[in-house]
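What follows is a short report on a single structure.
There are 2 protein chains.
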Amino acid sequence: MSVATVDVERLTELGQQLRVDAVRASGAAGSGHPTSSMSAADLMAVLLAGHLRYDFSASQNPANDHLIFSKGHASPLLYAMYVAAGAISDEELLRYRTSGSRLEGHPTPQLPWVDVATGSLGQGLPIGVGLALAGRDLDRRDYRVWVLCGDSELAEGSMWEAFEHAGDQQLANLIAIVDVNRLGQRGPTRHGWDTGAYARRIGAFGWHTVEIDGHDVDQIERAYSEAERSDLPTAILARTRKGKGVAAVEDAEGAHGKPLPDTESAIEELGGRRSIRVEVTRPQADDRLPKLTTRSLELPVYLAGEQVATRTAFGEAITALGRVRSDIVVLDGEVGDSTRSQFFQREHPERFFQFYIAEQQMIAAAVAMQVRGWVPYAATFSAFLSRAYDFVRMAAVSGADLCLIGSHAGVSIGQDGPSQMGLEDLAMFRALWRSIVLYPCDANQTAHLTAAMADHAGIRYLRTTRGDTPVLYGGEETFPIGGSKVLRSSPDDQVTIVGAGITVHEALAAADRLADDGVAARVIDLYSVKPVDVVTLHQAAAETGRIVTVEDHWPQGGLGDAVLDAFTQSTAFPRVAKLGILALPGSATPEEQLQHAAIDADAIVEAALGLVES
Amino acid sequence: MSVATVDVERLTELGQQLRVDAVRASGAAGSGHPTSSMSAADLMAVLLAGHLRYDFSASQNPANDHLIFSKGHASPLLYAMYVAAGAISDEELLRYRTSGSRLEGHPTPQLPWVDVATGSLGQGLPIGVGLALAGRDLDRRDYRVWVLCGDSELAEGSMWEAFEHAGDQQLANLIAIVDVNRLGQRGPTRHGWDTGAYARRIGAFGWHTVEIDGHDVDQIERAYSEAERSDLPTAILARTRKGKGVAAVEDAEGAHGKPLPDTESAIEELGGRRSIRVEVTRPQADDRLPKLTTRSLELPVYLAGEQVATRTAFGEAITALGRVRSDIVVLDGEVGDSTRSQFFQREHPERFFQFYIAEQQMIAAAVAMQVRGWVPYAATFSAFLSRAYDFVRMAAVSGADLCLIGSHAGVSIGQDGPSQMGLEDLAMFRALWRSIVLYPCDANQTAHLTAAMADHAGIRYLRTTRGDTPVLYGGEETFPIGGSKVLRSSPDDQVTIVGAGITVHEALAAADRLADDGVAARVIDLYSVKPVDVVTLHQAAAETGRIVTVEDHWPQGGLGDAVLDAFTQSTAFPRVAKLGILALPGSATPEEQLQHAAIDADAIVEAALGLVES
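Just so you know, the protein sequences line up as chains L and H, in that order.
When we follow our numbering, the leftmost residue of the first sequence carries the number 607, and every step to the right adds one.
When we follow our numbering, the leftmost residue of the second sequence carries the number 607, and every step to the right adds one.
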């Protein structure tokens, strides 16, 4: 099957139009990546004109295909496609990269047709895998997921997590279009135009592969048709020339990421401006109703004095939430027995996704699923979320709504040692746009926060503890995000102890001992580390004048810093002693770990007395 | 070639000894991973007895082979090997995982024979790639690098960054031994015992692959010999049985990461304790002299008023440092033209390593090179260091001495938008054990700090700026780590402005405007964000009572938090206003970005007046 001659001409013209518009946009902006756009222009022309099924007037149509520019720096090409599709005006195109324009340097979901922010390479394909999974296994729709990849980004391990997962899952609805223009930012890529090198690797992961000349619209057309018919995910490896069509930059080093040297002559060389308008194929109208069930939530309730790990309460609560909300999905990185997400798997296997030990792919899939309206909870050890930090960072840029759970936080895990201890996670998650950071100390609190997370926006992080801890709260208590709980309080309080999670229990023990010494201590459970309960902290500072913060985390960027931050702009600053991990832990029992790290009751007592007595 | 019968018996017995000792250690500890050790016991027995060249009495012998347990949870097996080699006593083995023992739950360089901490899966092989590179291209020695990998960790993308790099570089001195025991933590792996699935994938990346029965010492012996002769890196894919030798746990689910149910009967089933002592082959004695050159350093000097980007000063300074120190090596993630590490490449190509866009492999290789005494500087965009955060975290656990450079920090990069902006890096790097965080504002300061970094321990992070900034300091100034510079000061100061990097210039402009308004403002250049200059900050607080902090970073975990932290335990807390990025940036000019983020001179003036006037 091949394209008729008239189509070849029209598609070739459309490719040139996309090039011209990419060059114009970058020229107007004075920055951008026109040459990386020009290499893929023919690939995108054929896609837009004949294969993409997308209603640009209804980006929320659930039957729409998805197009992800994994090589996000080729944004001028994407925006040129929007012009050709009639989605944006030429005037808007020329405001590319200017202040207030939604046509940013790299695509973001400020634009209704962009699912996710890209620009950190190696993320678009794993997200595409998640969308393909969502399409097949959750939405059960026949949309296709098209991902335009660069050749340079195939060096990122995350791409191979994606190839492995998609191949294993035989995601026939996923098509990766690799723009093999052989030039990276600073020079040639590892494999140049050797598309066979890529095909061998990707093929070994169970994909169908096609090698083509990426400037031959007939070959492109046939490759897309072949991909659409394939039972496997397809990678189209397209040999292209960076800067194609303009001799001054074509296949030239040193022309990455800058406007062409002479925009006007480049336009002329490309045959001048065109104004082809593409009627993009719309998908079938969708009249299926949303599938949300609504029943009243019955969270697990734990009895005061019971010993229950917060990770266990998370597992039981998310399972209960899954019973009444059919939009909840859970993602695992091969540690579901530890994080307790396995409880959810047992009851709701159809909404549980196993990614094996591939945290980047797990987070990418969670981002993808929330694009389609699902509410993802992704859980692994808090330490191993650091493996996917760039994905979490980009999820925040995407404005994604994600629930992330990090178990086995802190030194209190005990014998396994520092490689398994999340000691940076509070800092990681606080330093994100619009994030929420929660760190419960008991099972009922965990259950409530697990459910509450579902209804907030942005990145929500829940930190859980490995070991059993006593239940402190009744099942009827509520725990608003941004709140705290004052667990000990009297008019005579001389010092306030602020903890969260495991250290709340140490704080209570310390307060008891201080009381024996005649020192009344207030205890605050700061379960919401971000946003933080400024009012309660200010009141404690005003009334006690002294605060000890204690956290199972490095002393930087976590709970202690969150408390200090509450006093910026304040006129009444308390004296603060901050307890956190000061030395690298080794193996020891949980109790020994807390003691060695000087975050146990003894250390709190000492710090409190130090403040009170000096 | 095959092993003589007597050897088969002895090696089989040694394998059983390793199993027994792993079981005993875990049993004594009451935790650990005996079953993951038992699967690989025969593989390690043959290695120790016949192939590893290692002087256990001289772990620093540069001719030693390197053995990395990428599956670090199999630490009982590693420690059992140490017993067999006579490196540790049986008494010490039985203190496994107890407080104060250097036999931690996962191996760390507390032990002289351990190069790097493992336990976060997927890191050992990329580090092995770095050691193999160091051996061939830097040390120019013929040591081999043996990496014991798990099958589960082959799901990590970082493993494929390693396979790609080693295959491309044809690192014949690298041998990956994959213990394909088919069971992960929570159940079966993706590919089970299908070693062919792994062989096809790894082979496609240019490795020599061998599939064997991992309990047949004759097959193991032949595989090692074949690997030693190969011109390519070799992956040995060994089918094994988790918990091999004890029926209660052999190939059983639910037996991961816990002692055997009955240690005594397991020892009996394994044939009881043995006390085989292996004479490990020692490498040839080494009498080559260290190759350090010593000349006096001539750093580049920039003239006051010149406009020079700090990233450029880094590139020129590291190149100058490379002239006088032959132990400096530079690692790039395909952005050397942007970070300016390319300057070093031009002059010292033999000590420059290109990893393409594979930040995890880049950091892993830096960790490996410092194992061998090299002083690595690894540079990429600050945003993209988040891609390798787990590797940096584990490098800190390893006690590694690394210099990391993050360019293009903050919103001030301008039009490229948030995907390219490092806005979390200060928080990331502050929250690490023993880290140093530096953020220079001018070219001379950058040059000095670039050189000073080389001589400190731990993770040293240097944050550089994309755009040109004026030179403020003379070439003769010094910038001790932990210090700061007071750029404006008078007895009448009513407020102190603390900035670093790009915001120092805004702070100075703000101070000028405040002076016009009759408000004297002190300005502190806090180039050392960790450790922080507590004395100067306390003095400023005491003398001015008010501090405005301003940073091109999210307000959490960075410079503002570092300043607040300086006042813990202090009795005189200043009033503090903290300026940082509050909303998600888009595309705009650098000046617009600073204005939108409210971290420019106008915003500083407003905040300072707010403190002074209220």
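Think of the CB as a built atom: it goes at the ideal place given N, C-alpha and C, for glycine as much as any other residue.
Taken in chain order, the complete alpha helix (DSSP H) segments of 4 or more residues contained in the segment 861–943 of chain H are 869–875, 916–930. If you draw a 10 Å sphere on the C-beta of residue 744 (chain H), you find 16 or more other C-beta atoms in it, and that means buried. The three-state secondary structure of residue 695 (chain L), taken from DSSP, is coil. If one requires a minimum length of 3 residues, the beta strand (DSSP E) runs lying completely within the segment 792–826 of chain L are 814–819, in chain order. Residue 682 (chain H): member of the alpha helix (DSSP H) spanning 681–690, first to last residue. Restricted to the segment 1056–1105 of chain L, the beta strand (DSSP E) segments that are unbroken, complete and at least 3 residues in length are 1065–1069, 1074–1076, 1091–1094, 1101–1105, listed in chain order. Counting along the chain, residue 995 (chain H) sits inside the alpha helix (DSSP H) bounded by residues 995–1003.
Within chain H, the C-beta atoms nearer than 7 Å to that of residue 940 (chain L) come from 758, 790, 791, 792, in chain order.
With respect to the C-alpha of residue 712 (chain H), the residue from H:654, H:884, H:632, H:762 having the closest C-alpha is H:632.
DSSP places residue 1008 (chain H) in the strand class (E or B) of the three-state scheme. Those residues of the segment 1000–1032 of chain L placed with their C-beta closer than 7 Å to a C-beta in chain H are 1000, 1003, 1021, 1022, 1023, 1024, 1025, 1026, 1030, ordered along the chain.
In this chain, residue 1018 (chain L) is not harboured by any beta strand (DSSP E), its DSSP state being neither H nor E. Not a single C-beta of chain L is nearer than 7 Å to the C-beta of residue 980 (chain H). Listed as beta-bridge partners of residue 980 (chain L) by DSSP are no residues whatsoever. Between residue 637 (chain H) and residue 913 (chain L), the gap from beta carbon to beta carbon reaches 7 Å or more. Taking the CA atoms as reference points, residue 654 (chain H) sits about 36 Å from residue 1060 (chain H).
Interface residue (Cβ-Cβ distance to chain H less than 7 Å): residue 1087 (chain L) is not classified as such. Contact with chain H is absent for residue 694 (chain L), since none of that chain's Cβ atoms lies less than 7 Å from the residue's Cβ. Apart from sequence neighbours up to five positions away, the residues of its chain that approach residue 1054 (chain L) with a beta-carbon distance below 6 Å are 1085, ordered along the chain. Within the DSSP secondary-structure output, residue 958 (chain L) pairs in a beta bridge with L:936. Within the same chain, and ignoring the five residues on either side of residue 783 (chain L) in sequence, the residues whose Cβ sits closer than 6 Å to its Cβ are 649, 754, 842.
Taking 7 Å as the threshold, the shortest C-beta distance from residue 954 (chain H) to chain L does not fall below it. Residue 681 (chain L) counts as buried, since at least 16 other C-beta atoms from the protein chains shown sit within 10 angstroms of its C-beta. Checking the DSSP bridge columns, you'll see residue 1136 (chain H) partnered with H:1043. Boundaries of the beta strand (DSSP E) harbouring residue 1130 (chain L): 1127–1131, taken from the DSSP string. Straight-line measurement puts the Cα of residue 975 (chain H) at about 14 Å from the Cα of residue 731 (chain H). For residue 756 (chain H), the enclosing beta strand (DSSP E) has its first and last residue at 751–756. Non-local C-beta neighbours of residue 761 (chain L) in its own chain, meaning closer than 7 Å and more than five positions away in sequence, comprise 796, ordered along the chain. DSSP, read as helix, strand or coil, puts residue 1054 (chain H) in helix. Counting C-beta pairs with one atom in each stretch, the segment 860–870 of chain L and the segment 638–646 of chain L have three or more that are closer than 8 Å, which means they touch.
When the beta-carbon positions are compared, residue 1211 (chain L) and residue 1169 (chain L) stay at least 7 Å from each other. Contact of residue 800 (chain H) with chain L is not assigned, every C-beta pair being separated by 7 Å or more. Interface criterion met: the Cβ of residue 1190 (chain H) is under 7 Å from a Cβ in chain L. Within the same chain, and ignoring the five residues on either side of residue 888 (chain H) in sequence, the residues whose Cβ sits closer than 6 Å to its Cβ are 661. Cβ-Cβ separation between residue 1181 (chain H) and residue 1132 (chain H): approximately 18 Å, too far for a contact (criterion under 8 Å).
In this structure, residue 728 (chain H) places its C-beta atom within 7 Å of the C-beta atom of residue 765 (chain H).
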